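Comments concern the structure below.
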Amino acid sequence: MNKTLDPRPLIVHVMYRFDVGGLENGIVNLINHMPPERYRHAIISLTDITDFRKRIVRDDVQFIALQKAPGHALWIYPRLFKLFRELCPAIVHSRNLAALEVVVPAWAAGVPVRIHGEHGRDVGDLDGSNKKFQWVRRLYRPFVTQYVALSGDLERYLIERVGIPESKVRRVCNGVDAERFHPSEMRQPIPGCPFVGAEYWVIGTVGRMQAVKNQTALAQAFVLALEMAPDLKASLRLVMVGDGPLRAEALALLEQAGYGGLVWLPGERNDVSGILRGLDCFVLPSLAEGISNTILEAMASGLPVIATDVGGNRELIEAGITGELVPAADVPALAQAIVRYACQRELARDAGKAGRQRIERQLSLGAMVRKYHDLYDEVLKLASSGA
0 MNKTLDPRPL IVHVMYRFDV GGLENGIVNL INHMPPERYR HAIISLTDIT
50 DFRKRIVRDD VQFIALQKAP GHALWIYPRL FKLFRELCPA IVHSRNLAAL
100 EVVVPAWAAG VPVRIHGEHG RDVGDLDGSN KKFQWVRRLY RPFVTQYVAL
150 SGDLERYLIE RVGIPESKVR RVCNGVDAER FHPSEMRQPI PGCPFVGAEY
200 WVIGTVGRMQ AVKNQTALAQ AFVLALEMAP DLKASLRLVM VGDGPLRAEA
250 LALLEQAGYG GLVWLPGERN DVSGILRGLD CFVLPSLAEG ISNTILEAMA
300 SGLPVIATDV GGNRELIEAG ITGELVPAAD VPALAQAIVR YACQRELARD
350 AGKAGRQRIE RQLSLGAMVR KYHDLYDEVL KLASSGA
């Protein structure tokens with residue numbers, strides 16, 4: 000058993016891998032901004048923990064990487080059971096399907112509250128129709144105390160397709176640090192980026208370059224936009240920040256079209272707030288999303304946002320007011336939206352201002368932290384009362 004005398008309840012956050020990503024960034028923001036006197040925190044990664052852990056500024060957070068091989072985690076159940084018995088958490092909070100199975104050893108170890116969060120869709124289940132994934136979620140349903148859905152889309156999925164009682168699902172939208180992510184009067188130079196002059200109008204995206212994020216569609220749309228409006232070749236530029244399997248593919252596509260000099264793909268960066276202040280417009284071409292942290296960050300930075308109409312994106316973007324929504328994988332529609340803003344820049348600036356105002360009114364980090372804090376307090380109170 001855990002010998003700590005610290006009276007604060009411990010929350011153990013469990014995910015598949017703790018690395019750069021929206022889900023992990025949300026955990027970082029939550030831990031960094033929750034009142035430290037109320038809860039302690041630990042992070043368990045079923046696989047690896049990277050240097051992303053340095054984003055957590057508190058020095059009382061424990062990190063545990065289990066180095067799990069691909070496949071079901073049944074063989075590490077005894078290890079998880081022992082770990083939960085040693086840590087004595089008040090709450091185990093798992094995220095997404097890949098970590099859902101930890102609720103069984105948590106239940107067996109006597110953890111009073113098991114919360115499971117659904118943060119977004121997998122590339123293998125973009126519309127939530129995968130029957131196997133639905134069945135797996137039903138299988139673990141008896142071991143989950145409370146569900147958290149980051150969007151209305153995911154909330155409906157849990158209730159209508161998985162069959163979770165509505166009373167056991169709470170929607171908690173992500174929030175953004177509106178102090179760290181803020182607008183600038185003029186586009187700021189990005190260190191290393193060649194597009195620093197006022198003559199450029201820079202669109203960009205930030206994120207892991209993997210299939211579900213579909214950055215190749217943005218590369219194709221950029222090429223098509225220049226073919227639709229050749230006059231933009233003098234000013235329109237593209238920045239794609241992130242690393243992953245699509246990076247080389249996107250770069251090859253752009254170079255083959257003869258536009259290699261009009262784009263910048265620096266790989267992974269840790270200065271996202273500064274990068275966003277170096278853009279004129281943010282574009283997210285994803286095939287699926289929960290509640291996108293990068294959309295929130297772009298809106299907080301005063302940028303107009305062009306995004307695919309998937310997942311929770313329409314819950315963030317007011318089409319025609321704070322940005323534009325286009326169908327997923329529709330390269331011509333994405334190109335048309337880019338051309339529209341690039342040719343009507345005052346319209347784009349107005350959308351960016353409206354997005355910033357919406358962040359300040361409804362989507363702040365403080366609001367998200369309060370909702371999680373209230374949820375943790377509520378479920379612990381119910382557990383202690385035996386309800």
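All the letters of the sequence shown, read from the start, carry residue numbers 0 to 386 under numbering that gives the first Met the number 0.
Think of the CB as a built atom: it goes at the ideal place given N, C-alpha and C, for glycine as much as any other residue.
These figures come from a predicted structure and were not determined experimentally.
- According to the DSSP secondary-structure assignment, residue 200 is paired through a beta bridge with 235.
- Contact between the region 375 to 384 and the region 315 to 331 is not established, with fewer than three Cβ pairs separated by less than 8 Å.
- In the three-state scheme derived from DSSP, where H, G and I count as helix and E and B as strand, residue 283 is classed as strand.
- Here residue 13 carries a strand assignment [DSSP, helix/strand/coil].
- DSSP places residue 375 in the uninterrupted alpha helix (DSSP H) bounded by 364 to 384.
- Closest in C-alpha terms to residue 16, from the list 149, 66, 268, comes 66.
- Between residue 189 and residue 116 the beta-carbon gap is near 33 Å, outside 8 Å, which marks them as no contact.
- Where residue 39 is concerned, the enclosing beta strand (DSSP E) starts and stops at 39 to 44.
- Annotation: the region 244 to 289 contains the following complete segments of the alpha helix (DSSP H) (minimum length 4 residues), in chain order: 244 to 255, 271 to 275.
- A distance below 7 Å between beta-carbons, with the five flanking residues on each side excluded, links residue 162 to the following residues of its chain, in chain order: 137.
- Here the alpha carbons of residue 142 and residue 279 stand approximately 47 Å from one another.
- Following the DSSP letters along the chain, one finds residue 117 inside the beta strand (DSSP E) bounded by residues 112 to 117.
- The region 123 to 187 contains, as complete alpha helix (DSSP H) runs of 4+ residues, the segments 130 to 139, 151 to 155 (chain order).
- DSSP places residue 318 within a strand segment (E or B) once states are collapsed to three.
- Residues of the same chain with a CB within less than 7 Å of the CB of residue 52, apart from the 5 flanking positions on each side, are 17, 62 in chain order.
- Three or more beta-carbon pairs separated by less than 8 Å link the region 148 to 167 to the region 310 to 319, which places the two stretches in contact.
- Between residue 127 and residue 94, the gap from beta carbon to beta carbon reaches 7 Å or more.
- By the beta-carbon neighbour count (other beta carbons within 10 angstroms, threshold 16), residue 176 is buried.
- Take residue 32, set aside five residues on each side of it, and the residues of its chain with a beta-carbon closer than 7 Å to its own are 364, 368, in chain order.
- At a Cβ-Cβ threshold of 7 Å, residue 286 and residue 125 count as neighbours.
- The beta carbons of residue 88 and residue 110 sit closer together than 7 Å.
- Annotation for residue 94: the continuous beta strand (DSSP E) segment containing it runs 90 to 94.
- 253 is the residue among 319, 357, 253, 165 whose C-alpha sits nearest the C-alpha of residue 215.
- About 6 Å separates the CB atoms of residue 265 and residue 240; that is less than 8 Å, so the two are in contact.
- For a cut-off of 8 Å, the C-beta gap from residue 299 to residue 181 is around 7 Å, short enough to register as a contact.
- When the five nearest sequence neighbours on each side are left out, the beta carbons in the same chain lying within less than 8 Å of the beta carbon of residue 157 are those of 117, 136, 146, 148, 163, 168, in order along the chain.
- Counting only the Cα atoms, residue 106 lies some 38 Å from residue 271.
- Per the C-alpha coordinates, the member of 68, 104, 90 positioned closest to residue 41 is 90.
- At the C-beta level, residue 171 and residue 370 come within 7 Å of one another.
- When DSSP states are grouped into helix, strand and coil, residue 324 belongs to the strand group.
- CA-CA distance, residue 261 to residue 192, rounds to 11 Å.
- Taking residue 144 as reference, the option from 155, 113, 134 with the minimal CA-CA separation is 113.
- Between residue 203 and residue 237 the beta-carbon gap is near 7 Å, inside 8 Å, which marks them as a contact.
- DSSP places residue 63 within a strand segment (E or B) once states are collapsed to three.
- The Cβ atoms of residue 20 and residue 153 do not sit closer than 7 Å to each other.
- According to the DSSP assignment, residue 27 belongs to the alpha helix (DSSP H) that extends over 21 to 32.
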